[in-house]
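Q:
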């Protein structure tokens, strides 16, 4: 959609657990190697949460950094949104758990589940809530503990995922040209089982059988998802640029979801863009789902790679199957 949503991102923050798993960890017990993993995914390491850590605790650490960066305190927050596919518990929402971690009381909180598209979904939802005039400072966090839902005997998936959280603080902007210039959210539920965790919900409750058959860990049809992602990423970028009557050269940076380096490089090559125009950090984090784009955004912002006035494009795809795009003027 092309209706501008004036908003400013006042602060950002990221947290990744200190434990790092490099590719040697997997080659030590699986039939794989550092070369095989890097060539097929671009991943060299990923973070893994430890004892006492959860999606909410990672989110809280990132949120504190974002609030500090924004010059605000928890008392200034009047809405909390958490984007995650790996909640602390089924009930209540992870956003409520985050509130408890931060000591935020008496403001609304809810979760958004759009998997790897979650950060962009959350950004659009948070901005839309700000447009109602009912809120002034929204804390929005993309946080995942994917390693807790990973089958470490499945060579095709266990090498992909890492844990992390990325937070942003959003407020209304007085500048009508600043904010989300274009956005598009989509999903195709007919492909819901391309990436999924079969058991643990109402469809297939936990039992000794589901545990024994590892049905509480992620399943993914990698080849089908790869084909979908390559086409969808390129289509979404094209549609955003055409809708805004822009060329890729007019963007300061494209921030794609970090799922596979080959998918990212395919889009970059097709657009004819230099490497510094497309954010890449998959080598250091792996796939962190809803935290992925937020991590790249924070890194670019803090390094000075993006500044106020720049135009950037966020693009993601994930389980559902979902996709999401947002073109921002900072």
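In my numbering, the protein residues as written are 314 to 643. Ideal Cβ placement from N, Cα and C applies to all residues, glycine included.
1) Name the two residues that bound the continuous alpha helix (DSSP H) containing residue 433.
2) CB-CB under 7 Å to residue 538, same chain, minus the five flanking residues each way: which ones, in chain order?
3) If you draw a straight line from the alpha carbon of residue 477 to that of residue 609, how long is it in whole angstroms?
4) What would DSSP say about residue 546, mapped onto helix, strand or coil?
5) List the DSSP bridge partners of residue 424.
6) When the distance is taken between beta carbons, is residue 391 closer than 8 Å to residue 465?
7) Please return the same chain residues whose Cβ sits closer than 7 Å to the Cβ of residue 470, not counting the five positions on each side in sequence.
8) Which same chain residues end up closer than 8 Å to residue 428 when comparing Cβ atoms and leaving out the 5 residues on each side of it in sequence?
9) Looking at C-alpha atoms only, which residue of 494, 513, 614 and 605 is the closest neighbour of residue 557?
10) Given this structure, state the Cα-to-Cα distance separating residue 591 from residue 380, to the nearest angstrom.
11) Look up residue 356 in the DSSP assignment and say whether it is helix, strand or coil.
12) Look up residue 410 in the DSSP assignment and say whether it is helix, strand or coil.
13) Do the region 539-549 and the region 579-586 touch if we need at least three Cβ pairs shorter than 8 Å?
14) Threshold first: 4 residues or longer. Then list the alpha helix (DSSP H) segments lying entirely within the region 516-592, N to C.
15) Which residues mark the beginning and the end of the alpha helix (DSSP H) in which residue 507 is found?
16) Out of 473, 640 and 553, point me to the one whose CA is closest to residue 574's CA.
17) Can you tell me whether residue 503 is buried or exposed, with buried defined as 16 or more other CB within 10 angstroms of its CB?
18) Consult DSSP for residue 598 and reduce its assignment to one of helix, strand or coil.
19) Check residue 606 in the structure and name its three-state DSSP category.
20) Alpha carbon to alpha carbon, how far is residue 552 from residue 326? Give it in angstroms, no decimals.
21) Check residue 497 in the structure and name its three-state DSSP category.
22) Using 8 Å for Cβ pairs, my map puts residue 607 next to residue 432. What's the rounded Cβ distance?
23) At which residues does the alpha helix (DSSP H) containing residue 378 begin and terminate?
24) Have a look at residue 568 and residue 625 and give me their C-alpha separation to the nearest angstrom.
25) When DSSP labels each residue in this structure, what does residue 415 get in the three-state scheme?
26) Quickly, what does DSSP pair residue 454 with across the bridge? List them, please.
27) Helix, strand or coil: how does DSSP classify residue 322 here?
28) Measure the C-alpha to C-alpha separation of residue 340 and residue 334 and round it to an integer number of angstroms.
29) Skipping 5 residues on each side, what residues in its chain have a beta carbon closer than 7 Å to that of residue 450?
30) By DSSP's criteria, residue 625 is part of a beta bridge. Which residues make up the other side?
31) According to DSSP, which residues form a beta bridge with residue 631?
32) Helix, strand or coil: which one does DSSP assign to residue 459?
33) Would you kindly work out how many angstroms separate the C-alpha atoms of residue 597 and residue 362, rounded to a whole number?
A: Judging by the given coordinates:
1) The residue you call residue 433 lines up with position 120 of the chain shown. First-last of the alpha helix (DSSP H) with residue 433: 431-444.
2) For the purposes of this step, residue 538 is taken as the residue at position 225 of the chain shown. Cβ within range, chain order: 507 and 508.
3) Position 164 of the chain shown, counted from the first residue, corresponds to residue 477. Position 296 of the chain shown, counted from the first residue, corresponds to residue 609. Spanning the two alpha carbons is a distance of roughly 12 Å.
4) For the purposes of this step, residue 546 is taken as residue 233 along the chain shown, with counting starting at 1. Helix at residue 546.
5) In the chain shown, the residue the question calls residue 424 occupies position 111. Note: residue 424 sits in a beta bridge opposite 395.
6) Locating residue 465 in the chain shown gives position 152, counting from the first residue. Locating residue 391 in the chain shown gives position 78, counting from the first residue. No, the pair does not count as a contact, with Cβ atoms beyond the cut-off.
7) The residue labelled residue 470 in the question sits at position 157 within the chain shown. Once the five neighbours on either side are set aside, the close Cβ partners of residue 470 are 463, 464, 531 and 533.
8) Here residue 428 corresponds to residue number 115 of the chain shown, with the count starting at 1. Here the set comprises 398, 508, 602, 603, 631, 632, 633 and 635.
9) In the chain shown, counting from the first residue as 1, residue 557 sits at position 244. Residue 494 holds the alpha-carbon nearest to the alpha-carbon of residue 557 among 494, 513, 614 and 605.
10) The count along the chain shown starts at 1 and reaches residue 591 at position 278. The count along the chain shown starts at 1 and reaches residue 380 at position 67. Using only the alpha carbons, I get a separation of about 27 Å.
11) Numbered from 1 along the chain shown, position 43 holds the residue referred to as residue 356. DSSP places residue 356 in coil when its eight states are reduced to three.
12) Translated into positions along the chain shown, residue 410 becomes position 97. Residue state, collapsed to three classes: helix.
13) yes
14) The region 516-592 contains these whole alpha helix (DSSP H) runs: 521-525, 535-556 and 574-584.
15) Reading the chain shown from its first residue, position 194 is the one you call residue 507. Here residue 507 belongs to no alpha helix (DSSP H), and DSSP marks it neither H nor E.
16) Looking up residue 574 in the chain shown gives position 261. Selected option, being the one with the closest Cα: 473.
17) Position 190 of the chain shown, counted from the first residue, corresponds to residue 503. Per the 10 Å Cβ criterion, exposed.
18) Working through the chain shown from its first residue, we reach residue 598 at position 285. Collapsing the DSSP output to three states places residue 598 in a helix.
19) The count along the chain shown starts at 1 and reaches residue 606 at position 293. Helix, per DSSP.
20) As a first step, residue 326 is located in the chain shown; it is residue number 13 there, counting from the start. As a first step, residue 552 is located in the chain shown; it is residue number 239 there, counting from the start. Taking the straight line from one Cα to the other gives about 30 Å.
21) For the purposes of this step, residue 497 is identified with residue 184 of the chain shown, where counting begins at 1. In the structure shown, residue 497 sits in a strand (DSSP, three-state: E or B).
22) As a first step, residue 607 is located in the chain shown; it is residue number 294 there, counting from the start. As a first step, residue 432 is located in the chain shown; it is residue number 119 there, counting from the start. About 5 Å separates the two Cβ atoms, so the contact holds.
23) Here residue 378 refers to the residue found at position 65 of the chain shown. It spans 368-383 - the alpha helix (DSSP H) in which residue 378 sits, taken as one unbroken run.
24) Position 255 of the chain shown, counting from 1, holds the residue named residue 568. Position 312 of the chain shown, counting from 1, holds the residue named residue 625. Rounded to the nearest angstrom, the gap between the Cα atoms of residue 568 and residue 625 is 7 Å.
25) For the purposes of this step, residue 415 is taken as residue 102 along the chain shown, with counting starting at 1. Looking at residue 415 - three-state DSSP - the assignment turns out to be helix.
26) In the chain shown, counting from the first residue as 1, residue 454 sits at position 141. Paired residue(s): 395 and 480.
27) To locate residue 322, count along the chain shown from 1; it is residue 9. Strand, per DSSP.
28) Here residue 340 refers to the residue found at position 27 of the chain shown. Here residue 334 refers to the residue found at position 21 of the chain shown. C-alpha separation (whole angstroms): 11 Å.
29) As a working note, residue 450 is residue 137 in the chain shown. Cβ neighbours of residue 450 beyond the five flanking positions: 385, 389, 390, 391, 482 and 484.
30) Here residue 625 refers to the residue found at position 312 of the chain shown. DSSP, once it has assigned bridges, lists 566 and 641 as partnering residue 625.
31) Within the chain shown, the letter at position 318 stands for residue 631. Beta-bridge pairing links residue 631 to 635.
32) Numbered from its first residue, the chain shown carries residue 459 at position 146. The answer is helix: DSSP assigns residue 459 an H, G or I state.
33) Position 284 of the chain shown, counted from the start, is the residue given in the question as residue 597. Position 49 of the chain shown, counted from the start, is the residue given in the question as residue 362. Approximately 15 Å, taken between the alpha carbons.
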